Amino acid sequence: MLIEAVAIDLKPSFAQLFTAIADEPWALLLDSCAHAQGNYDFIFWQPAQVVTVADDWPAQLQQLMAQVPSYQGPADLPFQGGLAGAWSYDAGRALERLPEQAKADIQLPEIAVGLYTHALIRCHRQQQTWLLCPSTEQANWQRFWQRAATPSPATAAFKLANAWQSNMTKASYLEKFTQVQDYLRAGDCYQVNLAQRFQAPFQGDPWRAYLHLRQRNQAPFSGFMRLGEGALLSHSPERFLATDAQGHVETKPIKGTRPRHSDPSTDQALADELQNASKDRAENVMIVDLLRNDLSRVCLPGSVQVPKLFAIESYPAVHHLVSTVVGQLPSPQDALSLLAACFPGGSITGAPKIRAMEVIDELEPHRRSFYCGSLGYFSQHGASDTNICIRTLVTAGDQIYCWAGGGLVIDSNGDEEYQETLDKVAKILPELGALNHS
483 MLIEAVAIDL KPSFAQLFTA IADEPWALLL DSCAHAQGNY DFIFWQPAQV VTVADDWPAQ
543 LQQLMAQVPS YQGPADLPFQ GGLAGAWSYD AGRALERLPE QAKADIQLPE IAVGLYTHAL
603 IRCHRQQQTW LLCPSTEQAN WQRFWQRAAT PSPATAAFKL ANAWQSNMTK ASYLEKFTQV
663 QDYLRAGDCY QVNLAQRFQA PFQGDPWRAY LHLRQRNQAP FSGFMRLGEG ALLSHSPERF
723 LATDAQGHVE TKPIKGTRPR HSDPSTDQAL ADELQNASKD RAENVMIVDL LRNDLSRVCL
783 PGSVQVPKLF AIESYPAVHH LVSTVVGQLP SPQDALSLLA ACFPGGSITG APKIRAMEVI
843 DELEPHRRSF YCGSLGYFSQ HGASDTNICI RTLVTAGDQI YCWAGGGLVI DSNGDEEYQE
903 TLDKVAKILP ELGALNHS
């Protein structure tokens, strides 16, 4: 079998097109929301094979990548057949020995990655859409996507059946905050990410919830994936790892947050405050150092650099402090090895990573599922892009879950950190709650 890529004329947004297959298990949208950081959008469907068991997943995925058929088409397309899907935070348990204190109550696989030979790819700069599929199926899929470009019947409206409930009260969060401070003072860690989880029963189609939140958040590393048992709705502003066909690596950790404000001068003052906040800069540089070390495990000696430190990036709900770390792989085919070396992302664990993950498992009542995992793709020619699944919701059965956390350091303030978790989901939790009254 030969995979080919051909240019096709499709004008509707990928979000509109995806509606035609949004109820299919393993349908996956990687959505840049036309943000400047994301030049490409992707739709994947009907994987040839899937991996759902996390045991030894790096080796499983390397073996699966070796089975991708040959590609014929433009050399600069970022996806030329390969792997795509989602890695839960708990997929990290296949890489390191971790405690099992937190309750695993979300019945979804720890990994959901498929071998895809079918994809739509849109380049925003070139205003061009490409269909990638086996050459023998090209005509059929062109006709399908042309039909899919017409508006489809509305699916069941999404609404919460009850209000959001957290797995921590403010008092219990502050108690756990104090326990983290004890570990920091004892020298166990110098940063720990602590998150609370919100949960509610729902009715209707999670895809409708994704579309509603997409309008409010416009995050550059968004995505939706339909699983047989549920769905993933990611509105992430954070890139985890990107590689290109020459083996260049980029990661962009986020550490440091301020809420947005409707008054422009107050909003700018909040951004300026974040830019100059010594605590947030210290928190950010800790994670930059962690990622430099993680990248150095796979990248060529001397190639890991930090071209951008403490940049401000602004989103509808918050300002973020973002740095950029780059490196060079020995071979473009090392992208999966890089993921395994860096997983899960240090920006959502703390440092040192393994001890911080042990503290997280002790203090957070429930496992994180796909929150703080990754969503993305790996092409057979070496290009890849993954996010960190923050601002990410998970549905399983009739329940929907959303998390919010932040990195705690020795000079953190408990009340401020608790409020920061709420600021991060200010364009998510209230928005879905409001659908009950629309």
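The working numbering numbers the first residue of the sequence shown as 483 and each following residue consecutively. Every residue gets a Cβ at the ideal spot worked out from N, C-alpha and C, and that includes glycine. What you are looking at is a predicted structure, and each value in this text was computed from that prediction instead of being measured.
Nearest to residue i (by Cα), restricted to the options the options
i    : options                   : result
A584 : S851, N895, K909 and S856 : S851
A886 : A497, Y853, D513 and Q542 : Y853
G784 : V800, L811 and Y883       : L811
S617 : Q609, Y665, P551 and P735 : P551
T903 : A799, A751, W539 and E913 : A799
E899 : V731, Y655 and A916       : Y655
R849 : H863, A833, L676 and F659 : L676
Q609 : I490, I836, L756 and P735 : I490
V662 : N918, G832 and K909       : G832
G669 : L614, V535 and R837       : R837
D523 : E765, L512, A759 and C884 : L512
G520 : A530, R604 and F526       : R604
8 Å contact criterion, which residue i and residue j should meet: CB distance rounded
i    : j    : result
D754 : K737 : Actually they do not touch by this definition, with Cβ atoms about 17 Å apart.
N869 : G712 : Wrong, their Cβ atoms sit about 18 Å apart, outside the cutoff.
P719 : Y797 : 5 Å
G855 : Y598 : Between Y598 and G855 the Cβ distance is about 19 Å, and since that is not below 8 Å, they are no contact.
V786 : T806 : Not quite, the Cβ-Cβ distance comes to about 12 Å (not below 8 Å), so this is no contact.
G879 : D867 : Not a contact, Cβ separation roughly 30 Å.
F792 : Q750 : About 16 Å separates the two Cβ atoms, so there is no contact after all.
L567 : G596 : For the sequence presented, residue 567 should be read as Gly rather than Leu. Right, the Cβ-Cβ distance comes to about 5 Å (below 8 Å), so this counts as a contact.
P560 : S861 : 6 Å
Y883 : V876 : 5 Å
A643 : Q685 : 6 Å
Bridge-paired residues (DSSP) for residue i
i    : result
M707 : L510 and L714
F526 : L510 and A601
A677 : G887
C615 : E486
Cβ neighbours of residue i in the same chain (closer than 7 Å, five flanking residues each side left out)
i    : result
L492 : L499, T611, W627 and A631
A502 : A630 and S634
D728 : Before going further, note that residue 728 is Gln rather than Asp in the sequence given. If we look at Q728 and ignore the five residues flanking it on each side, its Cβ neighbours are P814.
A691 : F640, L715 and L914
T534 : P591, I593 and A594
H802 : P719, I736, G738, T739 and E795
DSSP three-state assignment for residue i, whether helix, strand or coil
i    : result
Y859 : strand
V841 : helix
R667 : helix
E720 : coil
K585 : strand
E846 : coil
E732 : strand
S760 : helix
E592 : coil
D897 : helix
V786 : coil
S570 : coil
Own chain residues within Cβ distance below 6 Å of residue i, not counting five before or after
i    : result
W646 : F680, A682 and L911
H717 : L695, N699, A701, S704 and R873
Cut-off 8 Å between Cβ atoms - residues of its own chain near residue i, not counting five sequence neighbours on either side
i    : result
Q554 : L484, I485, E486, A487 and S617
Q620 : E486, V488 and L613
Any non-hydrogen atom of the ligand MG within 7 Å of residue i CB
i    : result
G710 : This structure lacks the ligand MG, and indeed carries no ligand of any kind.
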